[in-house]
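Residue numbering for the sequence shown follows our numbering, starting at 20 and increasing by one per position. Beta carbons: idealized from backbone N, C-alpha and C, even for Gly. See below for the structure under consideration.
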Amino acid sequence: SFKFSIAIEYIPFSSYNKYYRNFLFIDFLYIHHFYSYYFDITLRRSIIMHNAKKQLFYFCFSTLFTAASIMTVFGSTPNDIQNHWAEHTINTWISKNYISGYPDGTFRPNNSITRAEFVSLANNAYSLEEKTSISFQDVSSDHWAYDAIQTGVCAGYIKGDTNNTFRPDDKVTRAEAASMIAILQKNIDSQSTTNNYTDNDSIPEWARNAVAVLSKQNIMKGFPDGSFRAQNSMTRAEAVTALENAIFAPV
């Protein structure tokens, strides 16, 4: 007759000195035998669980836990980035929990990213955690990115506007992103220029050095038509790619 067995192992969060193993033996279409035991790491021996209810509970728990883990691994790749130019980088960042997709399974790589979202990504990329007090008029303590903005200010790469606002929910421009990354990279090169871009005149004066340096280091690039489009909103894919390039750029 057709027979097979299922074995599931796991370590419960409440007891790190034990790992549980559940066996389910199947003989064709009915359960032939079922038992559970756990290995006590401290005692260094296996202990069979004789309580049938407890056995069944642990088997069901471990089965669901394993299934959930499998679903997480196979369901973590967004369904809208296949063959996208930033697919590899996006998947890498998702695997590191630096960024996530949306509940509908999409990532929306070409959607714009907000200033608050960019700061959150930058903090993750550079492993920044230290915070300082902030008093921006438009960033309340219950804003989802309040802590991230505190960290960004502490790191010195964001300062806000002259009227003491940060505009956290505004879309971040490519010029703003370049300026923030350049500060994080501590990149200053007065010899670099943006004259090679066809839209050089539209690049804000305060961002030109940052754009020039990041372009020279291939951290941020222009477009096939020779423009940089500094005032364009940065996309989610562009943000992830620029930050990835920055943290791996030669020092």
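The region 240-249 and the region 214-221 touch, with three or more beta-carbon pairs separated by less than 8 Å.
With respect to Ala268, Gln204 sits close: the two C-beta atoms are nearer than 8 Å. In the three-state scheme derived from DSSP, where H, G and I count as helix and E and B as strand, Lys235 is classed as helix. Between the region 220-239 and the region 167-187, the count of Cβ pairs shorter than 8 Å is below three; the stretches do not touch. The Cβ atoms of Leu140 and Ile118 lie closer than 8 Å to each other.
Annotated as distal: Pro187 and Ala256, with beta-carbon spacing of 8 Å or more. Rounded to the nearest whole angstrom, the C-alpha separation of Lys115 and Val259 is 12 Å. Annotation: the continuous alpha helix (DSSP H) that includes Trp112 extends over Glu106 to Ser114.
With a threshold of 16 other beta carbon atoms within 10 Å, Tyr121 falls short and is exposed. Beta bridge pairing from DSSP links Ser131 with Thr254. Ala201: member of the alpha helix (DSSP H) spanning Arg193 to Gln204, first to last residue. If you compare the alpha carbons of Ile202, Thr125 and Ile153 with that of Thr96, the shortest gap goes to Thr125. Here Gly171 has Val138 and Ile177 as same chain residues with Cβ atoms under 6 Å from its own Cβ, once five neighbours each way along the sequence are excluded.
Counting the other CB atoms within 10 Å of its CB gives Trp163 a total below 16, which places it among the exposed residues. Note: Lys190 is bridge-paired with Thr133 in the DSSP secondary-structure output.
For Val172, the enclosing alpha helix (DSSP H) covers residues Tyr165 to Ala174. A residue is called buried once 16 or more other Cβ atoms fall within 10 Å of its Cβ, and Trp112 is buried on that count. For Leu147, the secondary structure class from DSSP, reduced to helix, strand or coil, is coil. When C-alpha distances from Glu263 are compared across Ser146, Asn129 and Ala194, the shortest belongs to Ser146. Residue Gly175 holds the alpha-carbon nearest to the alpha-carbon of Asn142 among Thr212, Asn98, Gly175 and Asn102.
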